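S.K.: First the structure, which I've put down as C-alpha cells, then a few questions once you've had a look.
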Amino acid sequence: VVSGDNNQGINWTCSGGTISGAGAVVGNYAYCTWTPPGSDGTYTLTATSALDGTKSYTFTIYVGSFTTSISPSSRTVNQYGGSQTLTWTLTETNSNLNETLTFSASGQPSGVSISFNPTSLVNTGGDVTVTCSCSGAATPGSYTVTLTATATGESTPTFTQTFTLVIPTLSVSISPTSTTLGGGQTQQFTATVTGSQATAGTWSIPTGAGYVSSSGLYKAPFASGSGTVRFTHTASGQTATATTTYTPGSGG
C-alpha cells in the first residue's frame with residue numbers, strides 16, 4: 033500500500049529472481065510479479081518510492097519445499113486382520129517455511145485403510161508412521177499407493193510419495209491330503225492358511241464316518257468305507273478337504 037507520493041510510481045528491486053509487470057501506483061496500491069530463482073532460500077523484494085528514494089519497504093520471501101522418501105518401499109498386508117507400517121520422511125528445504133502439512137492416500141483397494149501418525153506436521157518436516165490395515169477381505173494384487181502431503185499456510189503445494197502394497201491371495205490347504213486307517217486308528221490333519229492374518233477354523237466330516245477333534249485329529253471307525261475330513265476357515269469361509277479310507281481291522 034502506497035500513500036503520499038502523488039502517484040509517481042514505485043521502483044522494485046530484489047535480492048534474487050526476476051521482477052516483471054511492475055507499473056505505476058494505482059490508487060494506493062503498487063503491483064509487480066516476482067519470479068523466484070531456481071534454488072531454495074530466503075530472498076528480499078524492495079519497493080522504493082520513485083519520488084523519494086528514502087522511502088521504501090522490504091518484503092522477506094522464503095522459497096522452499098519438502099523432499100520425501102519412504103522405507104520400506106513395499107509392504108505385504110494379509111487379509112482379515114493384517115497390518116503393516118512404513119516410515120514416510122518429509123524434509124524441509126528451507127526451515128523458515130510457515131506451512132502445515134496434512135496427509136491423504138489413494139490407490140489402495142477397497143477393504144484397506146491407511147492412517148498417519150502424526151496426522152499433520154506444523155512448520156517442520158519429520159517422520160510420519162503410515163499404517164496399512166486390512167480388517168476384512170480385499171482383492172488380491174499389487175497396488176501402487178500414492179501418499180500426498182498438502183501444505184496449507186503461505187501457499188498450498190502438494191508433495192507425493194508412492195509405495196507398493198501387495199495383498200496376497202488367500203488359500204487353505206490340508207496335510208496330508210489322504211490317509212488309510214484301520215478301525216480305531218488316528219491321523220493328525222494340519223490346516224495351513226496363507227494370505228490371512230486370521231487362521232482359525234473348524235473341522236468336520238462331511239462324508240463318511242469317524243470322529244475329528246477341534247484340533248484336526250481324526251479317528252477311524254470300525255467299518256469299511258471312505259469319506260472326507262474338511263477344514264473351514266472361519267473368516268473367509270474357504271474350505272479344504274482330505275480323503276479318508278478305513279477298514280474294520282483294529283489299529284489299537
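At position 250 of the sequence shown the residue is numbered 282 (my numbering), and the sequence of numbers has no breaks.
Every residue, glycine too, gets a C-beta built ideally from N, C-alpha and C.
Remember, predicted model here, so these are calculated numbers, not experimental data.
#1: Beta-carbon separation of Ala230 and Ala169 under 8 Å?
#2: Which residues in the same chain as Ala79 place their Cβ atom closer than 7 Å to its Cβ, once the five residues preceding and following it in sequence are excluded?
#3: Whole angstroms is fine: what's the gap from Gly284's alpha carbon to Gln220's?
#4: Lys251 bridges to which residues according to DSSP?
#5: For Ser258 and Ser115, what's the separation of their Cα atoms in angstroms?
#6: Would you call the region 179-196 in contact with the region 240-248, where contact means no fewer than 3 C-beta pairs closer than 8 Å?
#7: Could you check how far apart the C-beta atoms of Asn110 and Cys166 are, in whole angstroms? I think they sit under 8 Å.
#8: Closer than 8 Å, CB to CB, is Ser52 near chain C or not?
#9: State the beta-bridge partners of Tyr63 as determined by DSSP.
#10: What are the boundary residues of the beta strand (DSSP E) that Val261 is part of?
#11: Using only alpha-carbon positions, find the residue among Val244, Arg262, Thr276 that is nearest to Val256.
#12: So what does DSSP say about Val109, is it helix, strand or coil?
M.R.: The answer reads as follows:
#1: Here residue 230 refers to the residue found at position 198 when the sequence shown is read from its first residue. Here residue 169 refers to the residue found at position 137 when the sequence shown is read from its first residue. No, the pair does not count as a contact, with Cβ atoms beyond the cut-off.
#2: As a working note, residue 79 is residue 47 in the sequence shown. Result list for Ala79: Ile42, Trp44, Ala62, Ser88, Tyr89, in chain order.
#3: Stepping through the sequence shown from its first residue, residue 284 is reached at position 252. Stepping through the sequence shown from its first residue, residue 220 is reached at position 188. At Gly284 the pLDDT is 45, less than 50, meaning the model places this residue with poor confidence; the figure from the coordinates comes in the next sentence. Roughly 16 Å between the two C-alpha positions.
#4: Taking the sequence shown and counting its residues from 1, the one referred to as residue 251 is at position 219. Lys251 is bridged to Thr218, Tyr243.
#5: As a first step, residue 258 is located in the sequence shown; it is residue number 226 there, counting from the start. As a first step, residue 115 is located in the sequence shown; it is residue number 83 there, counting from the start. C-alpha separation (whole angstroms): 42 Å.
#6: no
#7: As a position in the sequence shown, residue 110 is number 78, starting the count at 1. As a position in the sequence shown, residue 166 is number 134, starting the count at 1. Yes, Asn110 and Cys166 are in contact; Cβ-Cβ is about 7 Å, under 8 Å.
#8: No chain C appears in this structure, which consists of one protein chain only.
#9: The residue given as residue 63 occupies position 31 in the sequence shown. Answer is none; Tyr63 lacks a bridge partner.
#10: Along the sequence shown, read from residue 1 onward, the residue named residue 261 stands at position 229. Start and end: 257-265.
#11: Translated into the one-based positions of the sequence shown, residue 256 becomes position 224. Reading off the sequence, residue 256 comes out as Ser, not Val. Ser256 has its Cα closest to that of Thr276, out of Val244, Arg262, Thr276.
#12: Indexing the sequence shown from 1 puts residue 109 at position 77. Of the three classes helix, strand and coil, the one that applies to Val109 here is coil, per DSSP.
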